[in-house]
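Asks: Just dropping this structure here.
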Amino acid sequence: MKNSTKRVLVVLFAVFCIAPLAFAQAPAAAPAAAPATTAAVPPPPAPKPILDADLAGTPVPSADAHAKGDPDGSLTGNASDVTMSDPKKGLTIGDLANQVGQNKIAVNFVWTLITGYLVMFMQLGFALLETGLARAKNANHTMMMNMGVYGIGMFAYWLIGFAIQMGGVGAVANLGGTAPLSAEFTATIFGKPFGLFGQHGLFLMHKGTYDVGVMVLFLFQMVFMDTGATIPTGAAVERWKFSAFIVTSFLFAAFTYPLYANWAWGGGWLANLGANFGLGKGYCDFAGSGVVHAVGGLSALAIAMILGPRIGKFSREGRPQVILAHDIVLVITGCLILAFGWFGFNPGSTLGASSNGNLRIGSIAVNTMLASASGMISAMLYMWFMYKKPDASMTGNGFLAGLVAITAPSGFVNPVGAVIIGLVAGVLVCLSVAFVERVLQVDDPVGAVSVHGTCGIWGVISVGLFADGKSNYGGAWNGVNGSVTGLFYGDASQLVAQLVGVATLVGFVFTLSFIFAFVVDLLVGQRTSAKSELEGLDLPEMGALAYPEFELKS
Amino acid sequence: MILVGILLTLLGFVISVLSLGVTSSVGGRLAMVLVGLAVSLFGIMGVLNKAYLKNAIWKKG
């Protein structure tokens, strides 16, 4: 690379890194106390209560007016649409209050369901990304893993996973209650209750869980779990036996993911680190950098270690060799679809748009897009500077790294924090990919361990650093009054809570994933035969080529 | 070695959880959690992974 180009890149990189820091906001000082007023101000008149009689005269468009059509929309939607409990008595204040309450819950249901559908669409993003990064001879097999994990994962989660994760979460006010999810198994440790797993909700029928609020919660949590479950398929691509993949994915969806998700989101012991041990607001993971991405990334690492590298990935001296992706167009398309789906992932995690603090959905969405942009930029500049070209697949990984990292803090940080978190994630993913490949000598064809594991952990830690104490979701989080506040804004104990979560991910979740994958390896065998691998897995494993009309070179 | 690696990784988790009961100071807990993390990472990268690399496919010729 020319020296002038190099200098431009260095300057650009420095600007992107330093500018946000320069504009970072220090915690605001407490406002000065207002001077006491001496002039007597008469109290405002007490509001006149609205009586049922006042509603009797509410104008309602006549049936004749409606019959002529309503092209400008001024007649449609009026008092006659409010459900009356007793038509003989007419419209009452009680009817209005019930309608307002139902409207609030309806808004939240629709919000949560639609954002859940967006997250489901991310499966396509993962499928295209992983297939594009694999070789053409494994395209059918890779696509099938990404589709298969949706069905297998959902089935396991419906059977038992959801109950373990959310069976003791209690009332979710945004969804109108979810009261049947009320039984958390706890153990007393250090004199405090440690929530370990939920007990209600098996098959979505057990203990009254055939409930509209529970159904909405299930759909949203299921697609999150499935996002986590599809991460290991990327690290194991091109050599994972399909039958072993099915068993391993079932175990992930039934036990590994739900356990950690219960501890963080289902009322478990990590969420209560604040209430029980005075550590900030407890472990805070707004949308799942830890719960979804780090769990998936660490499981991917365990499986990739057991599988071993693809034939030809390392030379006899252990040096990594490049195995080219077969379709960068698919890779970039997948990345953009994932970024689109992330607008469901993060803002949807409020589980509502109409409640105290839920209007932060705008801030959460903007944080999400800013972190994705800064992650992409820093990864691209890093690759350009270090390896002379702005590598497309690593730029895509930087894009996703920013998204993964902002997932946990998206609800708690300001836009400057989001940009810094994304910038760090973009460089971190490049360093991590090199570390995993060159130092650990683990073959991770799509960089799943680095994007989701490393940057997921960074996202969890960044909550403990950058949470600015301005968010307010009903005045408390995890049962502790106040807003989530990180080290840079004055609360070091929040960082400790986050690190306990990271230690649980690395020490417990990895181990559990490893043990499951190890047992499956003993019983079923995780890896395909060398012959199948060299031929490509499409024919030996799936019985059909993805691209039968093209001649493939192995 | 695989069993040793698993046990070390779990030990790191246990050390981190113990920090909650052993001390109430933020600094003390932070130190213990970091030690726990280091132990777990050593278990994964220094022991478990090394055990698998011994029989890595590229060494089989």
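Line order of the protein sequences matches chains A and B.
The first sequence begins at 5 in my numbering and counts up one residue at a time.
The second sequence begins at 18 in my numbering and counts up one residue at a time.
For glycine and all other residues, C-beta sits at the position ideal for the given N, C-alpha and C.
In whole angstroms, what is the alpha-carbon distance linking A/Thr62 and A/Lys108?
Replies: Start at 1 with the first residue of the first sequence, and residue 62 of chain A comes out as number 58. Start at 1 with the first residue of the first sequence, and residue 108 of chain A comes out as number 104. Straight-line Cα distance between these residues: approximately 22 Å.
Asks: Since B/Val43 meets chain A, which of its residues come closer than 7 Å, beta carbon to beta carbon?
Replies: To locate residue 43 of chain B, count along the second sequence from 1; it is residue 26. In chain order: Ala496, Ser497 and Val500.
Asks: Checking contacts by CB at 7 Å: is A/Gly312 closer than that to chain B?
Replies: Indexing the first sequence from 1 puts residue 312 of chain A at position 308. True, the Cβ-Cβ gap to chain B drops below 7 Å.
Asks: Near A/Leu208, which residues of its chain fall below 8 Å by C-beta distance, leaving aside the five closest residues on each side in sequence?
Replies: The residue given as residue 208 of chain A occupies position 204 in the first sequence. These residues qualify, in order along the chain: Trp162, Phe166, Tyr214, Val218, Met219 and Phe222.
Asks: Can you name the residues of chain A whose CB is closer than 8 Å to the CB of B/Met18?
Replies: As a position in the second sequence, residue 18 of chain B is number 1, starting the count at 1. Correct list: empty, because the minimum Cβ distance to chain A is about 13 Å.
Asks: Would you verify that the beta carbon of B/Thr26 is, or is not, closer than 7 Å to some beta carbon of chain A?
Replies: Along the second sequence, read from residue 1 onward, the residue named residue 26 of chain B stands at position 9. Closer than 7 Å: yes.
Asks: Work out the CA separation of A/Ile336 and A/Phe125 for me, nearest whole Å.
Replies: Walking along the first sequence from the start, residue 125 of chain A turns up at place 121. Walking along the first sequence from the start, residue 336 of chain A turns up at place 332. Rounded to whole angstroms, A/Phe125 to A/Ile336 spans 16 Å at the Cα level.
Asks: Look up A/Trp162 in the DSSP assignment and say whether it is helix, strand or coil.
Replies: Here residue 162 of chain A corresponds to residue number 158 of the first sequence, with the count starting at 1. Correct three-state label for A/Trp162: helix.
Asks: Consult DSSP for B/Val50 and reduce its assignment to one of helix, strand or coil.
Replies: Locating residue 50 of chain B in the second sequence gives position 33, counting from the first residue. Reduced to three states, the DSSP call for B/Val50 is helix.
Asks: Within this structure, are the beta carbons of A/Lys317 and A/Asp447 separated by less than 7 Å?
Replies: Taking the first sequence and counting its residues from 1, one reaches residue 317 of chain A at position 313. Taking the first sequence and counting its residues from 1, one reaches residue 447 of chain A at position 443. Yes.
Asks: Cβ-heavy atom distance between A/Pro184 and the ligand GTP below 6 Å?
Replies: The ligand GTP is not part of the structure shown, which contains no ligands of any sort.
Asks: With DSSP run on the structure shown, which of helix, strand or coil describes A/Glu188?
Replies: Mapped onto the first sequence, residue 188 of chain A falls at position 184. A/Glu188 falls in the strand class under three-state DSSP.
Asks: Ordered along the chain, which non-local residues of its own chain (more than five positions away) have a Cβ less than 8 Å from that of A/Leu340?
Replies: Within the first sequence, residue 340 of chain A is the residue found at index 336, counting from 1. Closer than 8 Å at the Cβ level, and outside the excluded window around A/Leu340, lie Gly129.
Asks: Under 7 Å, CB to CB, which of the residues in the region 59-73 of chain B have a partner in chain A?
Replies: Of all residues in the region 59-73 of chain B, Ile61, Met62, Leu65, Asn66, Tyr69, Leu70 and Ala73 have a Cβ within less than 7 Å of some Cβ in chain A.
Asks: Would you identify the three-state DSSP class for A/Ala291, choosing helix, strand or coil?
Replies: Looking up residue 291 of chain A in the first sequence gives position 287. Coil, per DSSP.
Asks: Check the Cβ of A/Ala507 against every Cβ in chain B and list those closer than 7 Å, keeping chain order.
Replies: Working through the first sequence from its first residue, we reach residue 507 of chain A at position 503. Here the neighbours are Gly29, Phe30, Ser33, Val50, Gly53, Leu54 and Ser57.
Asks: Over what stretch of residues does the alpha helix (DSSP H) that includes A/Pro419 continue unbroken?
Replies: Here residue 419 of chain A refers to the residue found at position 415 of the first sequence. Its alpha helix (DSSP H) spans residues Pro419 to Ala438.
Asks: Please decide whether A/Arg531 counts as near chain B, where near means a Cβ-Cβ distance under 7 Å.
Replies: If you number the first sequence from 1, residue 531 of chain A lands on position 527. It does not: the Cβ of A/Arg531 has no partner Cβ on chain B nearer than 7 Å.
Asks: Which residue's Cα is closest to the Cα of A/Thr119: A/Pro351, A/Gln498 and A/Gly547?
Replies: Position 115 of the first sequence holds residue 119 of chain A. Considering only alpha carbons, the answer is A/Pro351.
Asks: Please check the pair A/Leu277 and A/Ala501, which I expect to be a contact at CB under 8 Å, by giving their CB distance rounded to whole angstroms.
Replies: Taking the first sequence and counting its residues from 1, the one referred to as residue 277 of chain A is at position 273. Taking the first sequence and counting its residues from 1, the one referred to as residue 501 of chain A is at position 497. With 8 Å as the limit, A/Leu277 and A/Ala501 qualify as a contact, their Cβ atoms being about 5 Å apart.
Asks: Expressed to the nearest angstrom, what Euclidean distance is found between the alpha-carbon atoms of A/Ser536 and A/Ala396?
Replies: As a position in the first sequence, residue 536 of chain A is number 532, starting the count at 1. As a position in the first sequence, residue 396 of chain A is number 392, starting the count at 1. Rounded to whole angstroms, A/Ser536 to A/Ala396 spans 29 Å at the Cα level.
Asks: With a floor of 4 residues, list each alpha helix (DSSP H) that falls wholly inside the region 47-95 of chain A, ordered by position along the chain.
Replies: Those alpha helix (DSSP H) runs which fall completely within the region 47-95 of chain A and span 4+ residues are 56-60 and 67-71.
Asks: Anything in chain B within Cβ reach of A/Gly3, meaning under 7 Å, just list it in chain order.
Replies: In this structure chain A extends from 5 to 558, so residue 3 of chain A is not present and cannot be described.
Asks: Per the contact definition of three or more C-beta pairs closer than 8 Å, is the region 401-410 of chain A in contact with the region 363-379 of chain A?
Replies: Short answer: they touch.
Asks: For chain B, find out if any of its Cβ atoms is closer than 7 Å to the Cβ of A/Val504; answer yes or no.
Replies: Here the question's residue 504 of chain A lines up with position 500 in the first sequence. Taking Cβ atoms only, chain B reaches closer than 7 Å to A/Val504, which makes this a yes.
Asks: Roughly how many angstroms lie between the CA atoms of A/Met398 and A/Phe416, to the nearest whole one?
Replies: Residue numbering aside, residue 398 of chain A sits at position 394 when the first sequence is read from its first letter. Residue numbering aside, residue 416 of chain A sits at position 412 when the first sequence is read from its first letter. When rounded, the distance between both Cα atoms is 28 Å.
Asks: DSSP state of A/Gly596, grouped into three classes?
Replies: Absent from the model: residue 596 of chain A. The displayed extent of chain A is 5 to 558, so no value can be given.
Asks: For A/Phe344, write down the residues that DSSP places opposite it in a beta bridge.
Replies: Here residue 344 of chain A refers to the residue found at position 340 of the first sequence. Beta-bridge pairing links A/Phe344 to no other residue.
Asks: Counting contacts by CB-CB distance shorter than 7 Å, is A/Val510 in contact with chain B?
Replies: Taking the first sequence and counting its residues from 1, one reaches residue 510 of chain A at position 506. True, the Cβ-Cβ gap to chain B drops below 7 Å.
Asks: Assign A/Phe514 to one of two classes, buried (16 or more other C-beta atoms within 10 Å of its C-beta) or exposed (fewer than that).
Replies: In the first sequence, counting from the first residue as 1, residue 514 of chain A sits at position 510. The residue in question, A/Phe514, is buried, as its Cβ has 16 or more Cβ neighbours within 10 Å.
Asks: Just list the residues that DSSP pairs A/Lys196 with in beta bridges.
Replies: As a first step, residue 196 of chain A is located in the first sequence; it is residue number 192 there, counting from the start. Beta-bridge pairing links A/Lys196 to A/Ile193.
Asks: I'd like to know whether the C-beta of A/Leu444 is nearer than 7 Å to at least one C-beta of chain B.
Replies: Taking the first sequence and counting its residues from 1, the one referred to as residue 444 of chain A is at position 440. True, the Cβ-Cβ gap to chain B drops below 7 Å.
Asks: Check whether the Cβ atoms of B/Leu25 and B/Val64 lie closer than 7 Å to each other.
Replies: Here residue 25 of chain B refers to the residue found at position 8 when the second sequence is read from its first residue. Here residue 64 of chain B refers to the residue found at position 47 when the second sequence is read from its first residue. For B/Leu25 and B/Val64, yes; Cβs fall inside 7 Å.
Asks: Cβ of A/Val295 within 7 Å of Cβ of A/Ala268?
Replies: By 1-based counting over the first sequence, the position of residue 295 of chain A is 291. By 1-based counting over the first sequence, the position of residue 268 of chain A is 264. Yes, these two residues count as a Cβ contact at 7 Å.
Asks: Within the 7 Å Cβ cut-off, does A/Thr192 reach chain B?
Replies: Counting from one through the first sequence, the residue named residue 192 of chain A turns up at place 188. No, because no Cβ of chain B sits closer than 7 Å to the Cβ of A/Thr192.
Asks: What does A/Phe281 reach in chain B if we use C-beta pairs closer than 9 Å?
Replies: The sequence position of residue 281 of chain A within the first sequence is 277, counting from 1. In chain order: Leu37, Gly38, Ser41 and Arg46.
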